[in-house]
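Asker: In our numbering, each number is its position in the sequence shown, counted from 1, plus 1269. Note that CB positions come from ideal geometry on N, CA and C, so glycine has one too.
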Amino acid sequence: MQQKAAQLIIEGKNKNFRFALSDITYLAPIPEPEKIICVGLNYLDHCKETGMDPPKSPVIFSKYANAIIGHNDTVEIPSNSNEVDFEAELAIVIGKEAKYVSEADANDYVFGYTIINDISARDQQFADGQWSRGKTADTFAPTGPIIVTRDEVDNPYELAISLELNGVVMQNSNTSNLIFTIPQIISYLTQSITLKPGDLIATGTPPGVGMGRKPKVWLKDGDKMSVTIEKIGTLTNSVLG
């Protein structure tokens, strides 16, 4: 399957089928992963904006499959939250079962990459003293629009990553600012957790999130977010609340 300009070309046995991208409904690339594992505070410049010291080991939390939605789907603000935030993130897609993986071998377990917008209810996240409820409300894990296989990304640490909110650039960084690399994350996790094909690992967000701004910026009804990562594409979602 190839994407070219405003067309989707599906290569068949005897002929190609062409569709206008505007006529296509995108589904989440992996609608029901066994695990959605997230890494917090993994950009040095994001640590600085939050006033937190860079972690000495990966900060791990989880989202659940109820949070998964696709490109052009709608993020719903929960009725019990008034401080919902956005987080542009590069996500790893695991390609084969991984347990006790060394850093040297970790890339062999990566199928490819996609985009996750780690939507977060900050009021719930910090009121609870742990992050589960605030991170995994329904629709809080937009993913897509596609998966790009590992061979299509020469260097995952040289990718521009940005988020626009209503056409205004809010986050603008590069994966070169990651603190923990993909092999480090995979090796760290697999010493205690067996990763399965289709598992997603969100690698953290750069600076510019709503809670780090003065005044703070929270998502509201009618907002439109677009996350762009070089060599992967743009994930766009509207907000209902």
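(1) Quick one: residues in its chain with C-beta nearer than 6 Å to the C-beta of Glu1499, no 5 flanking neighbours on either side, listed in chain order?
(2) So the candidates are Gly1510, Thr1505 and Leu1509; which of them puts its Cα closest to the Cα of Leu1296?
(3) Quick check on DSSP: helix, strand or coil for Gln1271?
(4) Less than 9 Å between the beta carbons of Ile1470 and Ile1448, yes or no?
(5) For Asp1492, which residues of its own chain have a beta-carbon under 8 Å away from its beta-carbon, when the five flanking residues on both sides are left out?
(6) Quick one: residues in its chain with C-beta nearer than 6 Å to the C-beta of Arg1402, no 5 flanking neighbours on either side, listed in chain order?
(7) Keeping to the same chain, check which residues put their C-beta closer than 6 Å to that of Thr1418; ignore five residues upstream and five downstream.
(8) Near Tyr1457, what residues of its chain come up, given a Cβ to Cβ distance below 6 Å and the 5 sequence neighbours on each side ignored?
(9) Express the C-alpha separation of Glu1366 and Ile1388 in angstroms, rounding to a whole number.
(10) In angstroms with no decimal places, state the Cα-to-Cα distance between Asn1386 and Ser1331.
(11) So what's Asp1314 in DSSP terms, helix, strand or just coil?
(12) Look at the alpha carbon of Thr1472 and the alpha carbon of Thr1459, and state the distance between them as a whole number of angstroms.
(13) Using the rule of at least 16 other Cβ atoms within 10 Å of the residue's Cβ for burial, across every protein chain shown, is Ile1501 buried or exposed?
(14) Within the continuous beta strand (DSSP E) that includes Ala1429, where are the two ends?
(15) Which residues in the same chain as Thr1503 place their Cβ atom closer than 6 Å to its Cβ, once the five residues preceding and following it in sequence are excluded?
(16) Locate the beta strand (DSSP E) running through Gly1502, then write down its first and last residues.
(17) With DSSP run on the structure shown, which of helix, strand or coil describes Glu1372?
(18) Which whole-angstrom value is the C-beta distance of Thr1530 and Thr1343, which I expect to be below 8 Å?
(19) Measuring from the CB of Thr1503, is there a heavy atom of the ligand NAP at a distance below 8 Å?
(20) Within its chain, find whatever has a CB closer than 7 Å to the CB of Val1438; leave out the 5 residues flanking it on each side and keep chain order.
(21) Hey, which unbroken runs of the alpha helix (DSSP H) at 4 residues or more fall wholly within the stretch 1288-1361?
(22) So the candidates are Gly1320, Met1321, Val1308 and Glu1352; which of them puts its Cα closest to the Cα of Ala1390?
(23) Who are the near neighbours of Pro1323 in its chain, counting only those whose CB is closer than 8 Å to its CB and skipping five residues on each side?
(24) Would you kindly work out how many angstroms separate the C-alpha atoms of Gln1446 and Thr1474, rounded to a whole number?
Answerer: In this structure, then:
(1) Excluding sequence neighbours, Glu1499 sits near Leu1428 and Ala1429.
(2) Checking every option, the nearest Cα to that of Leu1296 belongs to Thr1505.
(3) Since pLDDT at Gln1271 reaches only 44, below the 50 mark, its modelled position is unreliable, and no value is offered.
(4) With respect to the 9 Å criterion, Ile1470 and Ile1448 are not classified as neighbours on the basis of their beta carbons.
(5) Excluding five sequence positions before and after Asp1492, the CB atoms of its chain that fall closer than 8 Å to its own CB belong to Leu1434, Asn1435, Ser1507 and Val1508, given in chain order.
(6) Contacts found: Gln1393.
(7) Result list for Thr1418: Gly1381, in chain order.
(8) Residues Pro1327 of the same chain have their beta carbon placed closer than 6 Å to that of Tyr1457, with the five preceding and five following residues left out of the count.
(9) Going by the C-alpha atoms only, they are around 28 Å apart.
(10) CA-CA distance, Asn1386 to Ser1331, rounds to 14 Å.
(11) Asp1314 sits in a helix when the DSSP states are folded into three classes.
(12) Answer to the nearest angstrom: the Cα atoms are 15 Å apart.
(13) Buried is the call here.
(14) Its beta strand (DSSP E) spans residues Ala1429 to Leu1434.
(15) The beta carbon of Thr1503 sits closer than 6 Å to those of Ser1495 and Thr1497, all from its chain and outside the five residues before and after it, given in chain order.
(16) Counting along the chain, the beta strand (DSSP E) containing Gly1502 begins and ends at Gly1502 to Leu1509.
(17) Reduced to three states, the DSSP call for Glu1372 is helix.
(18) Nothing can be reported for residue 1530, as the shown portion of the chain is limited to 1270 through 1510.
(19) As for the ligand NAP, it is missing from this structure, which has no ligand bound.
(20) In the same chain as Val1438, and ignoring 5 residues on each side of it, the C-beta atoms closer than 7 Å to its own belong to Ser1431, in chain order.
(21) Complete alpha helix (DSSP H) runs here, min 4: 1313-1319.
(22) In terms of CA proximity to Ala1390, Glu1352 leads the group Gly1320, Met1321, Val1308 and Glu1352.
(23) So the list reads Leu1310, Leu1313, Cys1316 and Ile1448, once near-sequence residues are dropped.
(24) It is Asn, not Gln, that sits at residue 1446 in the sequence shown. In a straight line, the C-alpha of Asn1446 is about 10 Å away from that of Thr1474.
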